[in-house]
Amino acid sequence: MSAIYIHIPFCRQKCAYCAFCSFAKSEDKIDEYIFHLTKEIESFNYDKVEGIDTIYIGGGTPSLLKTYQLKRIFDALYKKFKVKKDAEITIECNPNSLTLAKAKFYNKLGINRVSLGVQSLDKNNLKLIERLHSPSKALKAIDILKESGIENISVDLLIGLKESFSSFAFHLQQLIEKGVKHFSLYMLQIERGTKLEKLVNENRDLLLNDDACVEFYQKAVEFLKKNRFLQYEISNFALRGFESRHNIKYWTGSEYVGFGMSAHSFFSGKRFANSSNFKEYYQGKREFCEQLTLQDRIEELIMLGLRCSYGTSKKDLKNLGYNIEENANFLELVKQKIIKEKGDRFYLNPSFYGVSNDIIIKLLP
Ligand code: SF4
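Counting in the working numbering, the final residue of the sequence shown is number 372, and the numbers go up one at a time with none missing.
Structural data, given as structure tokens:
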């Protein structure tokens, strides 16, 4: 295990589309939360832990934390684990709560990558989804990060909001010119019980329809490709050398441990998640804990691997008892160049990412 995830479940305000484990207007609870979070880190049984080379602080809005609060978490991490010198350490930030003083402090702590929740640079869309920042604040956040010395900047954007593609491309261009090295483009999901669900039920025309979303996504893929961004996962694009090392571990089946409310882990053959309820989390309760069967492991390796450019190792599957080269569907898909092979690994031709689910099903044992 060499990857750690930390969950910070606090946000200044709940965005209209959000169904993540995050709580608004609860900033007075942060100190108590950090007390329990650091206790969890300290009591982790780490017999099998190697040097840590990726840490990801996600949320929620980790940039809401005051510097002393973040320091407490890092002190606990560094006391408990051997963090490698060249570790990739990412923090998610919201343009609204990022300041130059915080960014400089991140740099001092060893944080060397920031994932910025921009979501859109269209002011009407930002209003619709109830983000607290303006387009100019988002662009300013990138300047702040660069001034602090953090160059490895990723930006999250949503696809599905009503906007012409030329306007979206203009915004992508602005972000590229600002020095963004990585993009995550997510399809906007209408989650149950959110404000956005209510709004869309009242007016279907608020968002792009499914076909328009697919077309938008394909154009965005092309646009980023022309600008030297490699698509290394269905939703993720990076300039060479700026791929998220942490996320690659999720997609290639490596072990990781999550600390904090609702944080998931895959460790010692088990998948488990902490409770999403403050009281239960503080009592050490889990949402679930399951021992993965060989079949589960095989399915995960195929499902995760085929969504990214690293693909899946045939040898890893064989070690789990599945020889994929004996699957007639696999041989046929290779013949049709839908599945490509490189040494021991096989991966999905990116032109078929849009139908990846149908292909994955054909490859399962
Ligand atoms: S900032 Fe992120 S986690 Fe917080 S409410 Fe908005 S979408 Fe949810």
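We put the CB at the ideal spot given by N, CA and C, even for glycine.
Give the C-beta separation of residue i and residue j to the nearest angstrom, bearing in mind that I take them to be a contact with Cβ-Cβ under 8 Å.
| i | j | result |
| --- | --- | --- |
| residue 195 | residue 214 | 7 Å |
| residue 305 | residue 327 | 5 Å |
| residue 120 | residue 95 | 6 Å |
| residue 23 | residue 206 | 7 Å |
| residue 176 | residue 230 | 5 Å |
| residue 239 | residue 315 | 6 Å |
| residue 109 | residue 70 | 6 Å |
| residue 299 | residue 276 | 6 Å |
| residue 80 | residue 41 | 6 Å |
| residue 181 | residue 146 | 7 Å |
With the cut-off set at 8 Å, would you say residue i and residue j are in Cβ contact?
| i | j | result |
| --- | --- | --- |
| residue 44 | residue 62 | no |
| residue 87 | residue 49 | yes |
| residue 189 | residue 251 | yes |
| residue 99 | residue 117 | no |
| residue 151 | residue 105 | yes |
| residue 142 | residue 134 | no |
| residue 18 | residue 29 | yes |
| residue 360 | residue 317 | no |
| residue 178 | residue 246 | no |
| residue 165 | residue 225 | no |
| residue 112 | residue 68 | no |
| residue 114 | residue 139 | no |
| residue 313 | residue 366 | yes |
| residue 332 | residue 344 | no |
| residue 89 | residue 66 | no |
| residue 97 | residue 64 | yes |
| residue 132 | residue 170 | yes |
| residue 281 | residue 294 | yes |
| residue 363 | residue 197 | no |
| residue 336 | residue 370 | yes |
| residue 107 | residue 33 | no |
| residue 223 | residue 273 | no |
In the DSSP assignment, what are the bridge partners of residue i?
| i | result |
| --- | --- |
| residue 266 | 13 |
| residue 243 | 191, 240 |
| residue 99 | 122 |
| residue 214 | 168 |
| residue 273 | 263, 278 |
| residue 4 | There is simply no residue 4 to check, as the chain begins at 8 and stops at 372 in what is shown. |
| residue 18 | 31 |
| residue 173 | BP columns for residue 173 are empty, so no partner. |
| residue 355 | 346 |
| residue 201 | Paired residues: none, contrary to the question. |
| residue 362 | Paired residues: none, contrary to the question. |
| residue 312 | Answer is none; residue 312 lacks a bridge partner. |
| residue 63 | 12, 97 |
| residue 320 | 352 |
Grouping DSSP H, G and I as helix and E and B as strand, with all else coil, what is residue i?
| i | result |
| --- | --- |
| residue 346 | strand |
| residue 143 | helix |
| residue 84 | helix |
| residue 300 | coil |
| residue 220 | helix |
| residue 294 | strand |
| residue 105 | coil |
| residue 77 | helix |
| residue 31 | strand |
| residue 23 | coil |
| residue 340 | helix |
| residue 129 | coil |
| residue 157 | coil |
| residue 283 | coil |
| residue 256 | helix |
| residue 233 | helix |
| residue 46 | helix |
| residue 89 | coil |
| residue 137 | coil |
| residue 70 | helix |
| residue 250 | coil |
| residue 370 | helix |
| residue 180 | helix |
| residue 113 | helix |
| residue 208 | helix |
| residue 375 | Shown here, the chain extends from 8 to 372; a query on residue 375 therefore has no answer. |
| residue 52 | coil |
| residue 329 | coil |
Contact between the stretch 264-279 and the stretch 14-32 (3+ Cβ pairs under 8 Å): Contact between the stretch 264-279 and the stretch 14-32 is present: 3 or more CB-CB pairs across the two stretches fall below 8 Å.
Across the stretch 153-162 and the stretch 170-190, are there enough close Cβ pairs to call them in contact, namely three or more that are closer than 8 Å? Counting Cβ pairs under 8 Å, three or more are found: they touch.
If we count Cβ pairs, one from each stretch, closer than 8 Å, do we get three or more for the stretch 339-358 versus the stretch 270-290? No, the stretch 339-358 does not touch the stretch 270-290.
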